[in-house]
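Working notes for the structure below.
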Amino acid sequence: MPQLVLAVHGSADPEAADTIARLAALITGLGGIQPLIGHLDVQRPSLADVLAHLSGDGRGRGLEQGLDLGPDEAPYANPYPDPYAAPYAGPERAGRGAVVVPLLLGDGYHRHIDLPATVAAARADGLECALTAGLSGEVAVAFSLYERLRAAERRAGGKADAIVLASAGSGRPGGTDGAVRAARQLRQLLGGERGPVPVRAAYCSSTGPDAPAVPEMIERLRVSGHRRIALATHLLAPGRFTRALAGTDGAWAVSAPLADHPRLAHLVLRRYTAGRLALTPGLAA
Numbered sequence: 233m234p235q236l237v238l239a240v241h242g243s244a245d246p247e248a249a250d251t252i253a254r255l256a257a258l259i260t261g262l263g264g265i266q267p268l269i270g271h272l273d274v275q276r277p278s279l280a281d282v283l284a285h286l287s288g289d290g291r292g293r294g295l296e297q298g299l300d301l302g303p304d305e306a307p308y309a310n311p312y313p314d315p316y317a318a319p320y321a322g323p324e325r326a327g328r329g330a331v332v333v334p335l336l337l338g339d340g341y342h343r344h345i346d347l348p349a350t351v352a353a354a355r356a357d358g359l360e361c362a363l364t365a366g367l368s369g370e371v372a373v374a375f376s377l378y379e380r381l382r383a384a385e386r387r388a389g390g391k392a393d394a395i396v397l398a399s400a401g402s403g404r405p406g407g408t409d410g411a412v413r414a415a416r417q418l419r420q421l422l423g424g425e426r427g428p429v430p431v432r433a434a435y436c437s438s439t440g441p442d443a444p445a446v447p448e449m450i451e452r453l454r455v456s457g458h459r460r461i462a463l464a465t466h467l468l469a470p471g472r473f474t475r476a477l478a479g480t481d482g483a484w485a486v487s488a489p490l491a492d493h494p495r496l497a498h499l500v501l502r503r504y505t506a507g508r509l510a511l512t513p514g515l516a517a
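Residues are numbered in our numbering as their position in the sequence shown, beginning at 1, plus a constant of 232.
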């Protein structure tokens, strides 16, 4: 079986690494696949290092990251029956090749420029490597947002009367399409439960008049008469953006980031299945 590699942005915040490690543990518990983690920025090992290690050219660095489950990390009990989980019963040992799953909610520079270039370089070195779609716009992300938002509302003691979907932002054309789609999906989920609720996409790093900053969007909603304005955190892991959101004036509730939600672990396994089939077409017969 090919090795599952999670391509993550990377962060200087230790909590981010802890969150990604929890996701890796969920994936192992659900699917019996132990992923490697390659970073696109800030942290080691880089994605290029991980793929170089798998290609056997000896250039891999920092792979002593150790994703082995400890004694207190029992396999995750799946609360979401999922037909895609069935093929993964029992541990599997990775074999030749790699499936790279981008843990990216957006469609910016990393997804379309440097990540494909890194995979292309690994292929040129002889590694059979599939690059899957990222997480942008996926229904699993919307359900994860919804469930994290509901948890934040319970902590705050009520229900929000308006939602700001807080995403990282991107300067690349189309880079925020995933956030816009997630806001629309979240609005549909909330509307089925409590009637029309405004859900507006806004950005931690604003890129222009059509990409409002989070504080600006909160102020717009307050002017419209909303007072219980919740932030639905459309980010994967803790870091400077989540710290900024936690301290945002006018935010009545702030949901947790998404990476260690079980639904995302399932989504990664589905991506892995698609990539594995791409590498081994005979499996689809």
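Where a beta carbon is used, it is the ideal one built from N, C-alpha and C, also for glycine.
This structure is a prediction, so every number in the text was calculated from the model and none was measured.
Here the C-alpha atom of Pro-246 lies approximately 11 Å from the C-alpha atom of Arg-472. According to the DSSP assignment, Val-446 belongs to no beta strand (DSSP E) but to the alpha helix (DSSP H) extending over 446-455. In this structure, Val-412 is the residue among Val-412, Ala-464, Arg-460 with its C-alpha nearest to the C-alpha of Ala-443. Look at the segment 353-435 and you find these whole runs of beta strand (DSSP E), each 3 residues long or longer: 361-363, 394-399, 431-435. When secondary structure is reduced to three states using DSSP, Gly-270 falls in the strand class. The three-state secondary structure of Thr-260, taken from DSSP, is helix. Taken atom to atom, the span from the alpha-carbon of Leu-283 to that of Met-233 is near 15 Å. Spatial neighbours of Pro-470 in its own chain (CB-CB distance under 7 Å, excluding positions within 5 residues in sequence) are listed in chain order as Asp-245, Glu-247, Ala-248, Thr-251, Pro-489. When the five nearest sequence neighbours on each side are left out, the beta carbons in the same chain lying within less than 7 Å of the beta carbon of Ser-278 are those of Gly-270, His-271, in order along the chain. For Pro-334, there is no enclosing alpha helix (DSSP H); the enclosing beta strand (DSSP E) covers residues 330-334.
Of the candidates Ala-353, His-466, Ile-461, Ile-461 places its Cα closest to the Cα of Gly-389. Excluding five sequence positions before and after Met-449, the CB atoms of its chain that fall closer than 7 Å to its own CB belong to Val-396, Arg-432, Ala-434, given in chain order.
Nearest Cα to Ala-414 within the set Thr-480, Arg-355, Leu-511, Phe-375: Phe-375. Distance from the CA of Pro-447 to the CA of Glu-379, rounded to the nearest whole angstrom, comes to 23 Å. Thr-505: member of the alpha helix (DSSP H) spanning 494-511, first to last residue.
In terms of Cβ geometry, Ala-239 and Leu-347 form a close pair [threshold 8 Å]. Looking at the backbone, the Cα of Leu-268 and that of Arg-459 are separated by about 44 Å. About 16 Å separates the CB atoms of Val-429 and Ala-398; that is not less than 8 Å, and the two are not in contact.
In terms of CA proximity to Arg-502, Thr-364 leads the group Thr-474, Trp-484, Thr-364, Asp-281. Here Leu-236 is bridged, per DSSP, to Val-331. By the criterion of a C-beta distance shorter than 6 Å, Ala-483 is surrounded in its chain by Leu-463, once the five residues flanking it on both sides are discounted.
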